[in-house]
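In UniProt numbering, the protein residues as written are 1 to 466. What follows is a short report on a single structure.
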């Protein structure tokens, strides 16, 4: 097979692509092999039937998906369809130990249409269509939507994909520019697997064997729109597939104590979602009423993002480590992410040790230590005051978009999800019970000690003097 992918094998060692070419069938389970064979028989070398099996019959850009698959199989798509299925499935590619950046490069090359100064480039319009298809696959389930619903969803996904590609400035996109954007949403490419894995589940076999097909239905973040959920999933990934709501301001109350009880002692990653609105003007009333937040995080920029088309804002904070209540120390690893999903899409990787939860002050990210009056942080920050009514987002460094701006806004909703299972929730409750029992033991001990001292002084009991 004349594969068009670049190879780097020696006589003794095969490249990942060559290994895939040689062992594609071996990477599939027995059930997947039966399902794929059934699909191949029904498709019968017909591109339209293949698109129908992939759920892309009416998708704009469906021809691009065929072109990419044809590229992956060395221009013999139907002769080597198992290779295309395995190639687009990151789970199987990972078995070949192929570096992610090399995998992204190969996908990009399959989209390229020509060269500029000997450098291959992809058409921005093609990237936009592929992004739209991948976002549509996020929770695509035709049983849930009417034709009108599906058309509306595709329009929303098209708009959402433009937001995610905003960092690309040229209509002729070269690899470095593309990679600078795609690295901020690393899990978007998992939608390729959601599409092509449909060939690994045969409808008749599924019904016969009572096996559930892999249809994603993401119910996390009730306060987020479908498009915001898609962007968050593209950024954070399948860790959100299993999540439990730990805190919801409108349900639990907007208070630091309620937040502490709901979120601390949870040992798995968390996702905080914040929604609010920004007043058109910051008049004297704002300055008088919100002096506290302005005194802790003084304004740096007078204007918000110039591309504001709505007063509504939405942000997310992904934290890998448990939340810790402290007046002196921050926490968190370098994997913490601050994400803006409305009115634009932005992702910022936050420094290690920059998340804080401080009694009487609030919570946030981007700080070297929990802030006090007159914070002078010079990086990207998100700050939520202890009343959970007001917040500040400040962007001072954005290597992809080059923006600098500041939002000072009112909070409508604050929600925290724990990325874990009921077992993790039970563990959290056990840790709270251990702490409460220890506190009760100390209270009881202190009371008994006080009684003993009073008895020795003759104030109580047998030692009382008259």
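Glycine included, C-beta positions come from ideal geometry on N, C-alpha and C.
Here's a check: name, in chain order, each residue in its chain whose Cβ is nearer than 6 Å to the Cβ of residue i, leaving out the five neighbours to either side.
i	result
residue 345	163, 164, 231
residue 101	none
residue 110	68, 71
residue 135	157, 160, 161, 230
residue 323	263, 264, 357
Kindly indicate which three-state DSSP category residue i falls into: helix, strand or coil?
i	result
residue 301	coil
residue 311	coil
residue 364	strand
residue 270	strand
residue 412	strand
residue 124	helix
residue 417	strand
residue 389	coil
residue 133	helix
residue 40	helix
residue 276	strand
residue 407	strand
residue 116	strand
residue 104	helix
residue 337	strand
residue 395	strand
residue 236	helix
residue 174	strand
residue 248	strand
From this set, the options, which residue's C-alpha is nearest residue i's C-alpha?
i	options	result
residue 412	439, 224, 366, 336	224
residue 263	276, 237, 243, 277	243
residue 120	131, 106, 128, 191	106
residue 182	386, 402, 347, 435	347
residue 408	275, 184, 36, 83	275
residue 112	53, 362, 175, 151	175
residue 61	339, 128, 415	128
residue 115	83, 137, 173	173
residue 137	67, 229, 440	229
residue 171	298, 126, 273	126
residue 404	422, 380, 389, 424	380
residue 430	378, 439, 265, 396	265
residue 396	198, 376, 153, 432	376
residue 295	84, 314, 374	374
residue 316	118, 353, 383, 117	383
residue 273	177, 80, 155, 342	342
residue 227	277, 153, 438	153
residue 314	278, 428, 361, 328	278
residue 299	428, 83, 84, 378	378
Quick check: the Cα distance between residue i and residue j, rounded to an integer number of angstroms?
i	j	result
residue 332	residue 58	44 Å
residue 349	residue 364	14 Å
residue 394	residue 188	26 Å
residue 269	residue 45	45 Å
residue 385	residue 293	6 Å
residue 69	residue 301	48 Å
residue 36	residue 195	13 Å
residue 104	residue 34	29 Å
residue 339	residue 159	18 Å
residue 436	residue 372	30 Å
residue 311	residue 391	14 Å
residue 169	residue 359	44 Å
residue 337	residue 54	33 Å
residue 297	residue 50	56 Å
residue 47	residue 238	30 Å
residue 200	residue 133	19 Å
residue 321	residue 254	23 Å
residue 56	residue 387	48 Å
residue 422	residue 260	19 Å
residue 356	residue 32	47 Å
residue 414	residue 319	15 Å
residue 426	residue 326	24 Å
residue 246	residue 179	35 Å
residue 367	residue 250	27 Å
residue 369	residue 74	55 Å
residue 439	residue 389	31 Å
residue 256	residue 398	30 Å
residue 22	residue 424	42 Å
Ignore the nearest five residues each way along the sequence and tell me which others in residue i's own chain have a CB closer than 8 Å to its CB.
i	result
residue 185	164, 231, 234, 235, 347
residue 151	none
residue 166	344, 345, 401
residue 124	165, 168, 170, 171, 172, 173
Please work out which residues of its chain come closer than 7 Å, Cβ to Cβ, to residue i, disregarding the five sequence neighbours upstream and downstream, and give them in chain order.
i	result
residue 252	258, 262
residue 43	49, 50, 53
residue 40	81
For residue i, verify whether its CB is less than 7 Å away from any heavy atom of the ligand COA.
i	result
residue 104	As for the ligand COA, it is missing from this structure, which has no ligand bound.
Looking at the C-beta of residue i, does it have a partner C-beta in chain C at a distance below 8 Å?
i	result
residue 414	Protein chains in the displayed structure number just one, and chain C is not present.
Identify every run of the alpha helix (DSSP H) within the segment 61-94, keeping only runs that are complete inside it and at least 4 residues long; order them along the chain. As far as the segment 61-94 is concerned, its whole alpha helix (DSSP H) runs of at least 4 residues are 62-72, 81-87.
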